[in-house]
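Visitor: Heads up, the sequence shown is in this note's numbering, so the first residue is 18 and it goes up one at a time. By construction, the Cβ of each residue, glycine as well, lies at the ideal position given by its N, Cα and C atoms. None of the values given here were measured: they were computed from a predicted structure. What follows is a structure written as structure tokens; I'll ask about it next.
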Amino acid sequence: MIQEVRRRVRKFRDLRITVRNIPGFNIGGGSFEIDFVIRGPDLPALAQYGERLRERALRLGGIIDVDTTLKLDRPELRVEIDRDRAADLRVETEQIATALRLMVGGDDQVSRFHDPLVNEDYDVALRLTEGDRTRVDTISRLYVPRSSTAVAATGAAPQVGLAPGGGLVRLDNLVKIVPAQTPARIDRSDRQREVRLRASVAPGYGQADRIDALRQAFTEMNLPPTYSSAVSGRAREFEKTFVEFLWVFLLSIIFMYMILASQFESVIHPLTILLSLPLSVPFAMLSLWSTNTTLNLYSALGILVLFGVVKKNAILQIDHMNNLRGQGLPRLAAIMQGNRDRLRPILMTTLTLVAGMLPLAVGAGPGAEERRAIAVVVIGGQMLALLLTLLLTPVAYSLFEDAAGLVGGKTEWRRPRWRERLARLLPGNGRAASRG
18 MIQEVRRRVR
28 KFRDLRITVR
38 NIPGFNIGGG
48 SFEIDFVIRG
58 PDLPALAQYG
68 ERLRERALRL
78 GGIIDVDTTL
88 KLDRPELRVE
98 IDRDRAADLR
108 VETEQIATAL
118 RLMVGGDDQV
128 SRFHDPLVNE
138 DYDVALRLTE
148 GDRTRVDTIS
158 RLYVPRSSTA
168 VAATGAAPQV
178 GLAPGGGLVR
188 LDNLVKIVPA
198 QTPARIDRSD
208 RQREVRLRAS
218 VAPGYGQADR
228 IDALRQAFTE
238 MNLPPTYSSA
248 VSGRAREFEK
258 TFVEFLWVFL
268 LSIIFMYMIL
278 ASQFESVIHP
288 LTILLSLPLS
298 VPFAMLSLWS
308 TNTTLNLYSA
318 LGILVLFGVV
328 KKNAILQIDH
338 MNNLRGQGLP
348 RLAAIMQGNR
358 DRLRPILMTT
368 LTLVAGMLPL
378 AVGAGPGAEE
388 RRAIAVVVIG
398 GQMLALLLTL
408 LLTPVAYSLF
418 EDAAGLVGGK
428 TEWRRPRWRE
438 RLARLLPGNG
448 RAASRG
């Protein structure tokens with residue numbers, strides 16, 4: 018739908034049109050996929066640099082709906098004061114500013130009018146009419162009062178025959194009024210003026226890749242050292258979130274290992290279970306590539322969910338194999354029998370999970386793109402990694418058992434006899450203590 022809207026409005030060459038999809042999952046930073054900032058001291062130069070970067074962004078490819086926030090398109094009348102002449106005529110800058118503020122900007126409390134008939138007071142407003150407020154000739158004919166005291170000398174020759182103080186001076190004797198262009202708004206960050214280049218990422222391109230291309234284009238512009246760049250908005254939040262997700266992945270693996278080690282009372286079996294996690298990542302990436310989905314925050318959330326789903330298959334296998342070996346079966350027989358018994362539950366839980374994710378993958382409506390990214394990762398990663406984990410887990414289980422046997426001097430696993438050890442420590446009947 019967004020592409021269709023862009024296609025229809027492409028014929029309006031004199032308009033800058035932006036089409037955005039409001040994200041369903043708000044992480045802050047606004048709704049712009051690209052928000053590139055240029056900071057510097059001079060507004061006209063910032064506007065020029067922002068326009069140059071906008072033209073470069075259009076030539077880079079993969080960046081669409083490009084626009085800048087700083088535009089010098091608001092007309093204004095700029096007053097340039099002849100300070101030497103104002104000093105000779107004993108007119109202060111504050112008096113010129115006050116006259117312009119009253120007559121052009123207006124003041125709604127110049128004085129008070131009392132109506133004795135109704136005993137009410139009214140504020141008296143003073144301002145030029147709307148037609149005269151934009152006329153240079155009318156503003157130039159305004160009068161400003163002269164100071165009754167001498168103004169500090171500016172080096173100009175004093176006038177002869179001037180009254181000792183007071184009186185009025187016409188404004189066109191003191192100032193020059195010139196038309197100019199100014200921005201409608203001035204944005205600042207870190208106590209610096211800025212211009213922002215805002216755009217969207219075209220389908221088939223990645224956000225991080227286009228941000229790097231913009232940084233390279235800004236470097237090639239060779240701006241003065243007083244001008245700098247930064248990434249803001251959603252792109253900056255994604256960069257911060259990506260680093261935080263790396264820590265989340267690392268901590269999740271550590272915590273999963275700690276919990277599994279305490280559950281199985283072993284340091285080897287958790288490694289066998291967690292070995293299935295890195296195997297699922299390539300299949301998740303393959304699923305994203307096959308569906309033309311980018312690696313973003315939502316697909317990263319899907320990978321985190323996938324980790325929790327994939328390891329439960331290995332838990333079912335290893336736990337059942339340990340129970341069979343505790344009943345006296347040899348290791349090879351326990352591995353074959355355990356995987357044969359757990360194949361059906363693993364297939365049932367996997368198909369149930371995939372069926373539950375299908376509505377998210379094929380659904381439509383607001384926020385469907387975010388939900389689809391999570392569902393594609395979970396469905397593709399789980400289905401493709403299922404066969405490999407079913408084969409790899411028993412093989413890794415056997416190899417790790419051999420390695421543990423070589424290190425510990427034994428090759429057969431035994432169930433921890435904590436009940437018997439506890440019974441010997443407790444007083445009374447050992448059997449009753451064991452049952453307790």
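1) Give the list of continuous alpha helix (DSSP H) stretches no shorter than 4 residues that lie fully inside the stretch 90 to 159.
2) Can you tell me whether G397 is helix, strand or coil according to DSSP?
3) Please state whether DSSP places S11 in a helix, a strand or coil.
4) I believe I80 touches Y66 by the beta-carbon criterion, under 8 Å. Please report the beta-carbon distance rounded to the nearest angstrom.
5) Buried or exposed: where does P411 fall if 16 or more other Cβ atoms within 10 Å of its Cβ makes it buried?
6) Please look up how many angstroms separate the CB atoms of I363 and L405, rounded, as I've assumed it's under 8 Å.
7) Below 8 Å, can you find three or more Cβ-Cβ pairs linking the stretch 279 to 289 to the stretch 244 to 252?
8) Along the chain, where does the alpha helix (DSSP H) containing I194 start, and where does it finish?
9) Just curious, the beta strand (DSSP E) that A74 is in, first and last residue?
10) From this set, G343, A402, S304, Q209, which residue's C-alpha is nearest A63's C-alpha?
11) Where do the ends of the alpha helix (DSSP H) carrying R27 lie?
12) Which same chain residues, not among the five before or five after A180, have their C-beta less than 6 Å away from its C-beta?
13) If you reduce the DSSP assignment to three classes, tell me which class I285 lands in.
14) Do you know offhand how far D59's Cα is from L32's?
15) Checking the sheet assignment: what are the DSSP bridge partners for G57?
16) Whose C-alpha, out of A219, R102, E387, is nearest the C-alpha of A74?
17) Thinking T184 and R163 are a contact (beta carbons under 8 Å), I'd like their distance in whole angstroms, please.
18) Could you check if P287 is buried or exposed, using at least 16 other CB atoms within 10 Å of its CB as the buried criterion?
19) Take L323 as the anchor and find which of V379, M400, A381 has the nearest alpha-carbon.
20) Provide the residue span of the beta strand (DSSP E) that contains R187, from first to last.
21) Can you tell me the Cα-Cα spacing of I290 and V265, whole angstroms?
22) Using CA atoms only, rank isn't needed, just tell me which of F49, D82, N190, V153 is closest to R27.
23) Given a cut-off of 8 Å on the beta-carbon distance, is the pair R389 and L370 in contact?
24) On the CB-based measure, 16 or more other CB atoms within 10 Å of its CB, does K328 come out buried or exposed?
25) Anyone know if the C-beta pair for I217 and R37 falls short of 8 Å?
26) Could you pull the start and end residues of the alpha helix (DSSP H) that A351 belongs to?
27) Report the three-state DSSP secondary structure of I290 (helix, strand or coil).
28) List the whole-angstrom C-beta distance separating L214 from L188, where the pair is believed to meet the contact cut-off of C-beta under 8 Å.
29) What residues are listed by DSSP as bridge partners for S245?
30) Is it true that the CB of G398 sits closer than 8 Å to the CB of S279?
31) Thinking C-beta only, is R359 closer than 8 Å to D52?
32) I want to know whether the stretch 220 to 239 touches the stretch 112 to 129 - three or more CB-CB distances under 8 Å.
33) Taking Cβ to Cβ, would you say L409 is nearer than 8 Å to L292?
34) Does DSSP classify I81 as helix, strand or coil?
35) Tell me which same chain residues have a C-beta within less than 8 Å of the C-beta of Q454, skipping the five on either side of it?
Guide: A quick look at the data gives this:
1) Runs of the alpha helix (DSSP H) inside the stretch 90 to 159: 100 to 105, 110 to 117, 153 to 157.
2) Correct three-state label for G397: helix.
3) A question about residue 11 goes unanswered here, because the residues of the chain that appear run from 18 up to 453.
4) 17 Å between Cβ atoms; not a contact.
5) P411 is buried by the Cβ-count criterion.
6) Beta-carbon to beta-carbon, I363 and L405 are separated by about 13 Å, too far to satisfy the 8 Å threshold.
7) Judged by Cβ distances under 8 Å, the stretch 279 to 289 makes no contact with the stretch 244 to 252, as fewer than three pairs qualify.
8) Following the DSSP letters along the chain, one finds I194 in no alpha helix (DSSP H) but inside the beta strand (DSSP E) bounded by residues 192 to 199.
9) Per DSSP, A74 lies in no beta strand (DSSP E); the unbroken alpha helix (DSSP H) holding it starts and ends at 60 to 77.
10) Here residue 63 turns out to be Leu, not Ala, going by the sequence shown. Here the closest residue by C-alpha is Q209.
11) It is not in any alpha helix (DSSP H) - R27 carries neither H nor E in the DSSP assignment.
12) Note on A180: pLDDT 41, under 50, position unreliable in the model; the coordinate value appears next. There are no such residues.
13) Reduced to three states, the DSSP call for I285 is coil.
14) For D59 and L32, the distance between alpha carbons rounds to 26 Å.
15) Bridge partners of G57: R210.
16) For the residues A219, R102, E387, the minimum Cα distance to A74 belongs to A219.
17) It is Gly, not Thr, that sits at residue 184 in the sequence shown. Yes, G184 and R163 are in contact; Cβ-Cβ is about 5 Å, under 8 Å.
18) When all chains shown are included, P287 counts as buried.
19) The shortest C-alpha separation from L323 is found at M400.
20) For R187, the enclosing beta strand (DSSP E) begins and ends at 185 to 187.
21) Rounded to whole angstroms, I290 and V265 show a C-alpha spacing of 19 Å.
22) Closest option to R27, Cα to Cα, is D82.
23) The Cβ-Cβ distance between R389 and L370 does not fall below 8 Å.
24) Buried is the call here.
25) Before going further, note that residue 217 is Ser rather than Ile in the sequence given. R37 sits close to S217, with the two beta carbons spaced by under 8 Å.
26) 348 to 379 is the extent of the alpha helix (DSSP H) around A351.
27) The DSSP-derived three-state label of I290 is helix.
28) The C-beta distance from L214 to L188 rounds to 41 Å, too long to fall under 8 Å, and the pair is not in contact.
29) Under the DSSP definition of a beta bridge, S245 partners with R56.
30) No, Cβ-Cβ distance for S279 and G398 is not below 8 Å.
31) No, the pair does not count as a contact, with Cβ atoms beyond the cut-off.
32) Too few Cβ pairs lie closer than 8 Å, so no.
33) In this structure, L409 lies near L292, with their beta-carbon atoms less than 8 Å apart.
34) Three-state result, I81: strand.
35) The structure shown does not extend to residue 454, since the chain spans only 18 to 453, so no value can be given for it.
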